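Colleague: Encoded as structure tokens, here's the structure I'll be asking about.
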Amino acid sequence: MRPRDNRFNTPAEMLVRLVFASRFIFFCVSLVLSLFAFHHGSPIYALKALVFFAAMIASHVWLKRGNKLAECERALEAMFSGETSDDEEGLEALLSRREALEEKRGTPGFDPWAVQALRREISDYVKTHPESTRRFDGR
């Protein structure tokens with residue numbers, strides 16, 4: 025079993041994410057069931073819609089009491105805004121510096137030792153910031 029090196033790997037955080045996402049699912053299901061109840065005139069569908077709506081409210085209250093609602097909303101906004109973290113920006117800066125040095129290869133001003141030092145710096149950075157490679161890993 026691997027060590028839990030950050031808070032995103034904990035089961036508690038995954039439960040919070042699941043409850044946050046389920047709020048939207050509960051709302052959609054309750055809306056569809058309400059439409060079915062209205063269309064068919066069935067009290068069973070209306071009761072089911074109320075149960076799902078109550079589950080949505082309960083999950084919202086649970087997140088709010090645990091002070092996790094604002095954190096989840098910020099994470100959702102950050103995910104869709106396209107912002108990059110400082111770790112990713114640091115790695116991108118190092119990679120762009122390496123690319124600029126590699127473009128000088130073959131010219132009189134090329135310094136192979138500078139490229140080697142920068143490669144070592146990138147390697148050290150990736151070892152100390154493993155989460156910065158997720159954009160390049162496809163995760």
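Using my numbering, you'd call the opening residue of the sequence shown number 25 and step up by one each time.
Idealized CB from N, CA, C, for every residue including glycine.
Treat the numbers as computed from the prediction; the structure is a model and nothing was measured.
Once you ignore the five residues that flank A138 on each side, which residues in its own chain have a CB closer than 8 Å to its CB?
Modeller: Answer for A138: L125, listed in chain order.
Colleague: My assumption, with CB atoms under 8 Å, is that F76 sits in contact with F48. Please give the rounded CB distance.
Modeller: That pair is no contact at about 12 Å.
Colleague: Pull up the distance between the alpha-carbon of L59 and that of L71, whole angstroms please.
Modeller: About 12 Å.
Colleague: Would you tell me roughly how many angstroms separate the C-alpha atoms of R144 and A79, rounded to the nearest one?
Modeller: C-alpha separation (whole angstroms): 53 Å.
Colleague: Quick one: give me the first and last residue of the alpha helix (DSSP H) that K92 is part of.
Modeller: Where K92 is concerned, there is no enclosing alpha helix (DSSP H), given that its DSSP letter is neither H nor E.
Colleague: Mind checking whether A73 and S54 have CB atoms under 7 Å apart?
Modeller: The answer is yes: Cβ separation under 7 Å.
Colleague: Looking only at its chain, what residues have a beta carbon closer than 8 Å to the beta carbon of A36, apart from the 5 residues adjacent to it on each side?
Modeller: Cβ within range, chain order: n/a, list empty.
Colleague: Quick one: grab the DSSP three-state call for L134.
Modeller: Note that residue 134 is Phe in the sequence shown here, rather than Leu. DSSP places F134 in coil when its eight states are reduced to three.
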